[in-house]
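Under our numbering, the first residue of the sequence shown carries the number 68, and numbering increases by one thereafter. Glycine included, C-beta positions come from ideal geometry on N, C-alpha and C. What you are looking at is a predicted structure, and each value in this text was computed from that prediction instead of being measured. Heads up: the structure comes next, in structure tokens.
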Amino acid sequence: MALKRVKRVLSRLISFWLLSLMITSSIIPTFGAISYGVNLVENSGFELGDAAPEIQDWTRANQDIGDFLKLNDGLAHTEVYECSYFPGMKAGSVSNTLYQIIDTSSIATAIDENAVAYTLEGYFRKGDPADVNNITSAIIRVEQLDKDGNLAVGTDNSKEIACGDSDGVAWQAANLNNIILLPKTRKLKISLVASMSDNTTGQNWADFDDISLTLAEIGPIMTVKGNEMHIEIGDTTPSVTDDTDFGSILASSGTISKTFTVTNEGTHGENVSLTAPVSIAGANASDFTVTAQPSGPLSDGNQTTFTVQFDPSGIGIRSSVVSVMNNTGASTYSFSLQGTGNPDPLAIETSNPASGTINTIYGGHIFTATGGTAPNTYAITAGALPSGLSLASSGALSGTPTAYGSFTFTVTVTDSATPAVTDSHEYTLIIAPEPLAIETSNPASGTINTVYGGHTFTATGGTAPNTYTITAGALPSGLSLASGGTLSGTPTAYGSFTFTVTVTDSATPAVTDSHEYTLIIAPEPLSIETSNPASGAINTVYGGHTFTATGGTAPNTYAITVGALPSGLSLASSGALSGTPTAYGSFTFTVTVTDSATPTVTDSHEYTLIIAPAPLAIETSNPASGTINTVYGGHTFTATGGTAPNTYAITAGALPSGLSLASSGALSGTPTAYGSFTFTVTVTDSATPAVTDSHEYTLIIVPAPLAIETSNPASGAINIVYGGHTFTATGGTAPNTYAITAGALPSGLSLASSGTLSGTPTA
Numbered sequence: 068m069a070l071k072r073v074k075r076v077l078s079r080l081i082s083f084w085l086l087s088l089m090i091t092s093s094i095i096p097t098f099g100a101i102s103y104g105v106n107l108v109e110n111s112g113f114e115l116g117d118a119a120p121e122i123q124d125w126t127r128a129n130q131d132i133g134d135f136l137k138l139n140d141g142l143a144h145t146e147v148y149e150c151s152y153f154p155g156m157k158a159g160s161v162s163n164t165l166y167q168i169i170d171t172s173s174i175a176t177a178i179d180e181n182a183v184a185y186t187l188e189g190y191f192r193k194g195d196p197a198d199v200n201n202i203t204s205a206i207i208r209v210e211q212l213d214k215d216g217n218l219a220v221g222t223d224n225s226k227e228i229a230c231g232d233s234d235g236v237a238w239q240a241a242n243l244n245n246i247i248l249l250p251k252t253r254k255l256k257i258s259l260v261a262s263m264s265d266n267t268t269g270q271n272w273a274d275f276d277d278i279s280l281t282l283a284e285i286g287p288i289m290t291v292k293g294n295e296m297h298i299e300i301g302d303t304t305p306s307v308t309d310d311t312d313f314g315s316i317l318a319s320s321g322t323i324s325k326t327f328t329v330t331n332e333g334t335h336g337e338n339v340s341l342t343a344p345v346s347i348a349g350a351n352a353s354d355f356t357v358t359a360q361p362s363g364p365l366s367d368g369n370q371t372t373f374t375v376q377f378d379p380s381g382i383g384i385r386s387s388v389v390s391v392m393n394n395t396g397a398s399t400y401s402f403s404l405q406g407t408g409n410p411d412p413l414a415i416e417t418s419n420p421a422s423g424t425i426n427t428i429y430g431g432h433i434f435t436a437t438g439g440t441a442p443n444t445y446a447i448t449a450g451a452l453p454s455g456l457s458l459a460s461s462g463a464l465s466g467t468p469t470a471y472g473s474f475t476f477t478v479t480v481t482d483s484a485t486p487a488v489t490d491s492h493e494y495t496l497i498i499a500p501e502p503l504a505i506e507t508s509n510p511a512s513g514t515i516n517t518v519y520g521g522h523t524f525t526a527t528g529g530t531a532p533n534t535y536t537i538t539a540g541a542l543p544s545g546l547s548l549a550s551g552g553t554l555s556g557t558p559t560a561y562g563s564f565t566f567t568v569t570v571t572d573s574a575t576p577a578v579t580d581s582h583e584y585t586l587i588i589a590p591e592p593l594s595i596e597t598s599n600p601a602s603g604a605i606n607t608v609y610g611g612h613t614f615t616a617t618g619g620t621a622p623n624t625y626a627i628t629v630g631a632l633p634s635g636l637s638l639a640s641s642g643a644l645s646g647t648p649t650a651y652g653s654f655t656f657t658v659t660v661t662d663s664a665t666p667t668v669t670d671s672h673e674y675t676l677i678i679a680p681a682p683l684a685i686e687t688s689n690p691a692s693g694t695i696n697t698v699y700g701g702h703t704f705t706a707t708g709g710t711a712p713n714t715y716a717i718t719a720g721a722l723p724s725g726l727s728l729a730s731s732g733a734l735s736g737t738p739t740a741y742g743s744f745t746f747t748v749t750v751t752d753s754a755t756p757a758v759t760d761s762h763e764y765t766l767i768i769v770p771a772p773l774a775i776e777t778s779n780p781a782s783g784a785i786n787i788v789y790g791g792h793t794f795t796a797t798g799g800t801a802p803n804t805y806a807i808t809a810g811a812l813p814s815g816l817s818l819a820s821s822g823t824l825s826g827t828p829t830a
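Structure representation (structure tokens):
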């Protein structure tokens, strides 16, 4: 059964190839639907066995083509019918004819006016020769009938199937190929005839199978040859023997050309027009070019040539399909072409990869190679990459190098050929240190006449050690830059100093980098004095004070920013305090000094100014005199200046008894003694500390007025001792003396100076 199927497939391919060569003339008829029967008609004569015969329907095997041939569609169309018949047989000789009548009246025009041909093919198989040992005939037959079913238009065409072999079960094929239908043909009778004998009892068999009828128009028959070898239509297996395989050539250069011969092998007087001759399509169509087109038309038996050039654009097998056209695209004769593009000799690039920088992601390099068979793989086969870099098998060099210097290594590329091809090259990769870059921040500020806090210039990258120098501008006097980058000293000038420091590394050749810096040396910090100004006195021209400050940037200005000066005083912007205070007390105020720097600097301090009252001065006049035993007329001590209120006190001597001094300064009382009294009064004001002033005074307390008694002395008697009388006086100042200053005492009496009147009057 398998062999039968293989033969059937091969037969179909052959039939397709033959039909594809049936190129139509300029007028293509339309085939309408062809009528056909449902089942085979079985003649009597076969002695059937126990089993019923199997008769399959006639069916159209190519329903995808449709019921009719289309006009000018560039395709060869057929109507294919198929059936299978399996009879049961008993012993004995039998013969039978199975037939099918095909009605072709729907294509009558095509048959009558054009060349229409049929091809009939079929298979026959007999049973085991031990059972079926004599086949007198096995025939497939086609009869061309007129519309009435008569064989009036021609004879039948038959083909005997040679199946009398001695090998046992075997399928045999028979074909009636490319037989022209005669005009007036309206029916085709297809018969299957078998005569055989069976010497055994029991069921045996014979089988017709896959009976196919093909109808097609007949035209000129075109063939194509390469290298004098026939190229099958639809050939998909290029070969060097027929020049459909162009061989190999470098993909980068050169071409291969092949010339093919087109022949019209028809015998019906139809031309191969070649009006739209040869085209290339397929996967690599651009690699194949028709450099010389065939010329036409070609009459029966004539030929022409066309040339195709192969110029591969890639490596490996390059394929395409060439199509030879007739009648503007109808009935294409196509077959496959191929050629091989060989790679150029494998050669790895020779340029060194781009340099990189330490600790910086490498910019990337992909090693490449020309030629060879892709894909390629790459590997380091000698030397070493800088640490941090790696080479992928794809050739990509990547990573972040962690070392710098010049690194030599060999890269080997290996292609995918069998056997593999390699190529190597030694490379040098430069990994530079980080670019030499001096710091860009200005050094810290300093202060005049103060040891500079120090700054060391640094740089990144480059090749250590580095040296540092001033290459433009100048440092403040007193400062210097060591080659190691250290800035030190004690600046003796202040201001803004601009200078350039250049760093030079130890590379060969040396690399430098520079930057301009500004160093601020400030004056000494602005500091206003902190001592309070000298005190003043009210209503007295102030002795003067000028506020001063150290440091800062002169000139300075001064101003009262908090509090207030005593009235009568003012502060000049120069710091001078002047005027005549008209109030006294303790005055607190803040003076702020502002220098001339940009921006300005200020300093402030709070001061206390004492404005004293006038000097404390107690009066110097003695108090008025008083009289003993008489209420003192009063005196109040006073003082000028000082800080009221004042208090007064006797600080030396004593007042007359009976008098007292109040703290307010009031002297009062009734003196009980008289005389001159000296004492000191001290006044104390309320200042802190208190201020005092003292003065010594004399107070006169006079006695009462001297008044001698006015009563007459007692009477006496003459010559009798006088009873005595002593004159007294009040007031005055004891001791008193008495004397007779007018008149005369009686004789015998006398007045002693003490006032005693005594004696013995004699008159």
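Can you name, in chain order, every residue of its own chain whose Cβ lies under 6 Å from the Cβ of glycine 545, other than the five neighbours on each side? Gly556, Thr557, Pro558 and Thr559
The region 439-454 in contact with the region 351-359 per 3-pair CB rule at 8 Å: no
Would you report the Cα separation of methionine 392 and leucine 458, rounded to the nearest angstrom? 55 Å
Extract the residue ranges of the beta strand (DSSP E) inside the region 457-517, only unbroken runs of 3 or more that lie entirely within it. 463-466, 472-481 and 489-499
Measure how close the beta-carbons of aspartate 411 and serine 306 come, nearest whole angstrom, since I'm counting them as under 8 Å. Actually they do not touch by this definition, with Cβ atoms about 27 Å apart.
Going along the chain, which residues of its own chain have a beta-carbon closer than 6 Å to the beta-carbon of leucine 586, five neighbours each way excluded? Pro510 and Phe564
Whole-angstrom Cβ separation of leucine 818 and tyrosine 789, contact assumed at under 8 Å? About 11 Å separates the two Cβ atoms, so there is no contact after all.
Just verifying my parser: in three-state terms, what is the DSSP assignment at isoleucine 807? coil
Coarse secondary structure for isoleucine 206, derived from DSSP in three states: strand
With a threshold of 8 Å on Cβ separation, who are the neighbours of threonine 721 within its own chain once the five nearest residues in sequence on each side are excluded? According to the sequence displayed, residue 721 carries alanine and not threonine. Cβ neighbours of alanine 721 beyond the five flanking positions: Phe744 and Phe746.
Which value, in whole angstroms, describes the spacing of the CA atoms of threonine 714 and valine 750? 6 Å
Under DSSP, the beta strand (DSSP E) around asparagine 696 begins and ends at which residues? Premise fails: asparagine 696 is in no beta strand (DSSP E) and is neither H nor E.
Asparagine 331 - containing beta strand (DSSP E), residue span: 323-331
CB proline 379 to CB glycine 423, shorter than 8 Å? no
Inspect the beta-carbon positions of leucine 638 and alanine 650 and report whether they are closer than 8 Å. no
Whole-number beta carbon distance between threonine 527 and alanine 504, since they are thought to touch under 8 Å: 5 Å
Buried versus exposed, by CB contacts within 10 Å (16 or more), isoleucine 207: buried
Would serine 598 and threonine 617 be called neighbours here (beta carbons separated by less than 8 Å)? no
How would you label isoleucine 807, buried or exposed, when you count the other beta carbons within 10 angstroms and need 16 or more for buried? exposed
Under the three-state DSSP convention, the category serine 594 falls into: strand
Since glutamate 299 contacts phenylalanine 402 with CB under 8 Å, what's their CB separation in whole angstroms? 7 Å
For proline 453, which residues of its own chain have a beta-carbon under 6 Å away from its beta-carbon, when the five flanking residues on both sides are left out? Pro468, Ala470, Phe474 and Ile498
Could you pull the DSSP bridge partners for alanine 414 from this structure? Thr437
Can you have a look at serine 340 and say buried or exposed, based on whether 16 or more other CB atoms are within 10 angstroms of its CB? buried
For leucine 413, the nearest candidate out of Thr407, Leu464 and Ser483 (CA to CA): Ser483
When you compare each of Val668, Thr665, Pro828 and Gly709 to proline 682 by their alpha carbons, which one comes out closest? Gly709
Give the DSSP-derived three-state secondary structure of isoleucine 605 in the structure shown. coil
Beta bridge counterpart(s) of aspartate 760 as assigned by DSSP: Val750
Since glycine 513 contacts isoleucine 588 with CB under 8 Å, what's their CB separation in whole angstroms? 5 Å
Could you give the DSSP three-state label for proline 96: helix, strand or coil? Reliability fails at proline 96, whose pLDDT of 34 lies under 50, so the model's placement of it is uncertain and the value that follows must be treated cautiously. Looking at proline 96 - three-state DSSP - the assignment turns out to be coil, as it is neither helix nor strand.
Helix, strand or coil for aspartate 354 per DSSP? helix
Quick one: residues in its chain with C-beta nearer than 7 Å to the C-beta of glycine 430, no 5 flanking neighbours on either side, listed in chain order? Ala421 and Gly423
How would you call glutamate 188, buried or exposed, if buried means at least 16 neighbouring beta carbons within 10 angstroms? buried
Quick one: Cα of glutamate 416 to Cα of valine 388, how far? 37 Å
Could you say which of Asp213, Arg385, Gly368 and Phe377 lies nearest to asparagine 351 if we only look at CA atoms? Arg385
Relative to the C-alpha of proline 592, which candidate in Asp662, Ala601 and Gly635 has its C-alpha closest? Asp662
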